[in-house]
Amino acid sequence: MVSFLYFFNYIIADFSIVSTVAVFAFVVYLQAMRVEIPLTFGNVRG
184 MVSFLYFFNY
194 IIADFSIVST
204 VAVFAFVVYL
214 QAMRVEIPLT
224 FGNVRG
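So the sequence shown is numbered by this note's numbering: it starts at 184 and just counts up by one.
Below is the structure:
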């Protein structure tokens, strides 16, 4: 039980680093996704 609490405190202490890396990876993933939104249509003139 004591080792679990020590491990839990260690995770909480490093949570800021882990969350920063996770947010960075998520933003890189979103930047890599490419969504093409057609602003003009081929069959519509204008």
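The beta carbon of each residue, even a glycine, is placed where N, CA and C say it ideally should be.
For V210, the enclosing alpha helix (DSSP H) starts and ends at F198 to A215.
One alpha carbon belongs to L213, the other to L188, and they sit about 36 Å apart. Excluding its 5 nearest sequence neighbours in each direction, V211 has no C-beta neighbour in its own chain below 6 Å. Taking the CA atoms as reference points, L222 sits about 39 Å from V201.
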